[in-house]
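K.L.:
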Amino acid sequence: MPTRAIKAIFFTRFHHEKGSRVLHQVPEGSITPSTSPSALNAPLFDLDSITTYLIPTQQFCDHLLTFCTNHYRVIGYPVCIRENKYYRNEFIFNFAVVIEENVVDWGCWGEVVRKLGRLLRALEEQGGFLSREEKGVWDDDDDKMVYKKGYKGFGDLADLDRKADSGVWDVGPVASGSKVYALCEMILEDLNNYCECMIPIDESNTINLKLFPTHAPPAPIHPHHVPILTISLASLTSPISSDLTITRILPFINGTHSVSHISQLADTDLSLTRKAIQHLVYYGCVVVLDVFSFGAIYAPTAEIGGFITDKVVGEECARYVKVPRISIGRGIKMGSESDRGRDDRSSISSDTHRSEHIASTVTATEFEGVAKQTEDDDFKISHETLITLYTSLRQGLTLKNWCLENLDLLHDIDVRRLITFGVIKGFLYRVHRYAIATSSSLPSAPPTKLQDDQATIRGKLNHKPSVASNFTGNTGTGVKQEDIARLDSLVSDPERDALPLIKFLGGMHSFDEICTELKMSEQVVENKIKGVGDVQFIYR
Numbered sequence: 001m002p003t004r005a006i007k008a009i010f011f012t013r014f015h016h017e018k019g020s021r022v023l024h025q026v027p028e029g030s031i032t033p034s035t036s037p038s039a040l041n042a043p044l045f046d047l048d049s050i051t052t053y054l055i056p057t058q059q060f061c062d063h064l065l066t067f068c069t070n071h072y073r074v075i076g077y078p079v080c081i082r083e084n085k086y087y088r089n090e091f092i093f094n095f096a097v098v099i100e101e102n103v104v105d106w107g108c109w110g111e112v113v114r115k116l117g118r119l120l121r122a123l124e125e126q127g128g129f130l131s132r133e134e135k136g137v138w139d140d141d142d143d144k145m146v147y148k149k150g151y152k153g154f155g156d157l158a159d160l161d162r163k164a165d166s167g168v169w170d171v172g173p174v175a176s177g178s179k180v181y182a183l184c185e186m187i188l189e190d191l192n193n194y195c196e197c198m199i200p201i202d203e204s205n206t207i208n209l210k211l212f213p214t215h216a217p218p219a220p221i222h223p224h225h226v227p228i229l230t231i232s233l234a235s236l237t238s239p240i241s242s243d244l245t246i247t248r249i250l251p252f253i254n255g256t257h258s259v260s261h262i263s264q265l266a267d268t269d270l271s272l273t274r275k276a277i278q279h280l281v282y283y284g285c286v287v288v289l290d291v292f293s294f295g296a297i298y299a300p301t302a303e304i305g306g307f308i309t310d311k312v313v314g315e316e317c318a319r320y321v322k323v324p325r326i327s328i329g330r331g332i333k334m335g336s337e338s339d340r341g342r343d344d345r346s347s348i349s350s351d352t353h354r355s356e357h358i359a360s361t362v363t364a365t366e367f368e369g370v371a372k373q374t375e376d377d378d379f380k381i382s383h384e385t386l387i388t389l390y391t392s393l394r395q396g397l398t399l400k401n402w403c404l405e406n407l408d409l410l411h412d413i414d415v416r417r418l419i420t421f422g423v424i425k426g427f428l429y430r431v432h433r434y435a436i437a438t439s440s441s442l443p444s445a446p447p448t449k450l451q452d453d454q455a456t457i458r459g460k461l462n463h464k465p466s467v468a469s470n471f472t473g474n475t476g477t478g479v480k481q482e483d484i485a486r487l488d489s490l491v492s493d494p495e496r497d498a499l500p501l502i503k504f505l506g507g508m509h510s511f512d513e514i515c516t517e518l519k520m521s522e523q524v525v526e527n528k529i530k531g532v533g534d535v536q537f538i539y540r
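For the sequence shown, counting from 1, position 3 maps to 3 in full-length UniProt numbering; every step adds exactly one.
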């Protein structure tokens, strides 16, 4: 979000006889010429050309309006209050903000202007906050107003109305002593400096505004994705959310469990779990990675050059990937048992059966800092060692074989954390494996007679007899068993094994997705796919 993006704030009123008038502007001279010593040399744009949009027709009131002029974007929220106490039963105003036209994320300022317009409407309806300051402003025109184009001496009322229809009037020194003018000043300074403001109006009213950046919609979350926290839950003084699904899944987000596995551990609906993690990704609390596997292939991207030259990132990586050396005391068990099955996780098979013991005893939320632990300061991982390890990753080399090649350099280094750091920073990417079956290898469609028999059997299985049905329970059971046996005899074993895999053999589904969907290990899925027929595996 750019700093000091608000170039001007102004308050416009409409009078049915005197036309539109800029009562307040900050800074002075930004909208209409001003004689103030601190005024700008020239207005930011020609106000005559946009008067129609500042005070539009009734159907556009109480709606957010934005338009561009002279490389600036004006964001306004015109308001029309209809009550008998006002002249001609209407009170029309607009509180507008001016920012540069090239600001892409201007929607957050639009929400602030919308909220401010509604707040000022409520303040006016409650106690006349805006109209109280206009006493005498519309009466003493000869002493207080100067026509924008230099016209002095108003003449008769008809002449005044014609000029007011084409021009805007500005109030000079009178505006600087009002509460609305002070409100404009505080909003501009606070939003530009702090992106938020809290301005007390009276004993019972306070204006609270905050600029919330607009993030791009997060990518879809799939069951085989692995979320990893970017914040430390232990440092939070209050729950991260009141959402029940988020509260239940947070303890299981540890950087190793997939979305499907988290849904099972937390006993939550998979669709709700995916949506909850998508919300966490949107607000920057979670990043999504692929399932870590020693049978996977990783390779460096073009961003590896930045890691090589940036020693600060290298030191951060060294702190993150170093295996902590914790002093052993009474009541603390050694981690050998939990690490015993580390090398066995060469696939993502165990979403439903995977052990809760993970490869690293350090949680992923320590990515931004160093855990409080007892470490051996004599041994430090050098930046050159990390560069050698990352650059030795390549296409066609599985992570398991890479570990065997670099066994001497991996001393006191957590491999999972090493890979995770590179993927999050963007200088490593996962090489996925896909299966593509040729048309000749796919099972042919069953004959028409077989399809008819299957449809008949399914109809009998799904049929629910009414209360008045003459079929007894025993007869129904016998028919179902007979139909099930008949259905099994219509489909051969190879065809039955191939049917669930056919939809994944188009080259668009990675092995991570297939294994998670079928709840099978990578080796089992590979054998089943090879049994289908002529299938090619590609890496990309």
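Just so you know, even glycine gets a beta-carbon here, dropped at the ideal spot from N, CA and C. These numbers come from a predicted model, not from an experiment.
If you reduce the DSSP assignment to three classes, tell me which class serine 510 lands in.
P.N.:
In the structure shown, serine 510 sits in a strand (DSSP, three-state: E or B).
K.L.:
Can you give me the C-alpha to C-alpha distance between arginine 13 and serine 20, rounded to a whole angstrom?
P.N.:
Spanning the two alpha carbons is a distance of roughly 6 angstroms.
K.L.:
Report the partner residues of glutamate 203 according to the DSSP bridge assignment.
P.N.:
Note: glutamate 203 sits in no beta bridge, so no partner.
K.L.:
Would you tell me roughly how many angstroms separate the C-alpha atoms of cysteine 515 and tyrosine 434, rounded to the nearest one?
P.N.:
Taking the straight line joining both Cα atoms gives about 12 angstroms.
K.L.:
Where do the N-terminal and C-terminal ends of the beta strand (DSSP E) with glycine 19 fall, by residue?
P.N.:
Note, glycine 19: beta strand (DSSP E), 19 to 26.
K.L.:
So the beta strand (DSSP E) isoleucine 50 belongs to, where does it begin and stop?
P.N.:
First-last for isoleucine 50: undefined, no H or E at that position.
K.L.:
Select from Ala219, Val112, Tyr181, Phe421 the residue whose C-alpha is nearest the C-alpha of isoleucine 304.
P.N.:
When each option's Cα is compared against that of isoleucine 304, the closest is Phe421.
K.L.:
Which residues in the same chain as histidine 432 place their Cβ atom closer than 8 angstroms to its Cβ, once the five residues preceding and following it in sequence are excluded?
P.N.:
Hits under 8 angstroms: Asp290, Ser510, Phe511, Asp512, Tyr539, Arg540.
K.L.:
Just checking, does the region 224 to 237 make contact with the region 252 to 270 on the three C-beta pairs under 8 angstroms criterion?
P.N.:
At 8 angstroms Cβ cutoff, the stretches touch.
K.L.:
In three-state terms, what does DSSP make of isoleucine 413?
P.N.:
Three-state result, isoleucine 413: strand.
K.L.:
Around the C-beta of serine 270, are 16 or more other C-beta atoms found within 10 angstroms, so that it is buried, or is it exposed?
P.N.:
A quick correction: the sequence has leucine, not serine, at residue 270. Flag for leucine 270 reads exposed.
K.L.:
Answer with buried or exposed for serine 263, where buried requires no fewer than 16 other C-beta atoms within 10 angstroms of its C-beta.
P.N.:
Serine 263 is buried by the Cβ-count criterion.
K.L.:
Taking 8 angstroms as the cut-off, does the region 314 to 326 touch the region 266 to 282 (at least 3 CB pairs, one atom from each stretch)?
P.N.:
No: fewer than three Cβ pairs fall under 8 angstroms.
K.L.:
Per DSSP, what kind of secondary structure is lysine 520 in: helix, strand or coil?
P.N.:
The displayed chain sequence assigns methionine, not lysine, to residue 520. Here methionine 520 sits in coil by DSSP.
K.L.:
Closest to glycine 396 by C-alpha separation, out of Ala296, Glu125, Ser36, Pro217, would be which residue?
P.N.:
Measuring from the Cα of glycine 396, the nearest candidate turns out to be Ala296.
K.L.:
Just mark isoleucine 502 as buried or exposed, buried being the case when its beta carbon has 16 or more other beta carbons within 10 Å.
P.N.:
Under this definition isoleucine 502 is an exposed residue.
K.L.:
Can you check whether the CB of leucine 44 is closer than 7 angstroms to the CB of serine 34?
P.N.:
No, Cβ-Cβ distance for serine 34 and leucine 44 is not below 7 angstroms.
K.L.:
Name the two residues that bound the continuous beta strand (DSSP E) containing asparagine 94.
P.N.:
Unbroken beta strand (DSSP E) run through asparagine 94: 90 to 100.
K.L.:
Could you check the C-alpha separation between threonine 52 and leucine 65 for me, to the nearest Å?
P.N.:
Distance between the alpha carbons of threonine 52 and leucine 65 is about 11 angstroms.
K.L.:
In its own chain, which residues sit with a C-beta less than 8 angstroms from the C-beta of phenylalanine 212, not counting the 5 before and 5 after it?
P.N.:
Excluding positions up to five away in sequence, the list reads Cys108, Glu111.
K.L.:
Quick check on DSSP: helix, strand or coil for asparagine 208?
P.N.:
Strand.
K.L.:
Assuming contact is defined by CB atoms lying nearer than 7 angstroms, are arginine 274 and isoleucine 231 in contact in what I supplied?
P.N.:
No, the pair does not count as a contact, with Cβ atoms beyond the cut-off.
K.L.:
Look up proline 300 in the DSSP assignment and say whether it is helix, strand or coil.
P.N.:
Here proline 300 sits in strand by DSSP.
K.L.:
In the DSSP output, which residue or residues are listed as bridge partners for glutamate 196?
P.N.:
Partner(s): Lys210.
K.L.:
How many Å lie between arginine 416 and threonine 391 at the Cα?
P.N.:
Approximately 16 angstroms between the Cα atoms of the pair.
K.L.:
With a threshold of 16 other CB atoms inside 10 Å of the CB of proline 37, please say whether the residue is buried or exposed.
P.N.:
Label assigned to proline 37: exposed.
K.L.:
Would a C-beta distance cut-off of 7 angstroms place cysteine 184 and isoleucine 381 closer than the cut-off?
P.N.:
No. Outside cutoff.
K.L.:
How big is the Cα-Cα spacing for threonine 385 and leucine 409?
P.N.:
Taking the straight line from one Cα to the other gives about 7 angstroms.
K.L.:
What are the start and end residues of the beta strand (DSSP E) that includes leucine 229?
P.N.:
Looking at the DSSP string, the run of the beta strand (DSSP E) that includes leucine 229 is 226 to 229.
K.L.:
Cα separation between leucine 505 and alanine 437?
P.N.:
Near 6 angstroms, if we compare the C-alpha coordinates of alanine 437 and leucine 505.
K.L.:
Below 6 angstroms CB to CB, which residues in the same chain sit around isoleucine 199 once its five sequence neighbours on both sides are set aside?
P.N.:
Counting only Cβ-Cβ distances below 6 angstroms, and skipping sequence neighbours, we find Met186, Ile207.
K.L.:
Reducing DSSP to helix, strand and coil, say where leucine 274 ends up.
P.N.:
According to the sequence as given, residue 274 is arginine; it is not leucine. DSSP places arginine 274 in helix when its eight states are reduced to three.
K.L.:
Please determine, among Asn192, Arg430, Phe91, the residue with the shortest C-alpha to C-alpha distance to glutamate 134.
P.N.:
Looking at the Cα atoms, Phe91 is the closest of the given residues.
K.L.:
For the candidate residues Pro218, Gly531, Phe537, whose alpha-carbon lies nearest to that of glycine 507?
P.N.:
For the residues Pro218, Gly531, Phe537, the minimum Cα distance to glycine 507 belongs to Phe537.
K.L.:
For a test of the three-state rule: what should DSSP assign to glutamine 536, helix, strand or coil?
P.N.:
DSSP places glutamine 536 in strand when its eight states are reduced to three.
K.L.:
Leaving out five residues on either side along the sequence, give the residues of the same chain with a beta carbon under 8 angstroms from the beta carbon of valine 286.
P.N.:
Hits under 8 angstroms: Pro227, Ile228, Leu229, Thr230, Ile253, Ile277, Leu280.
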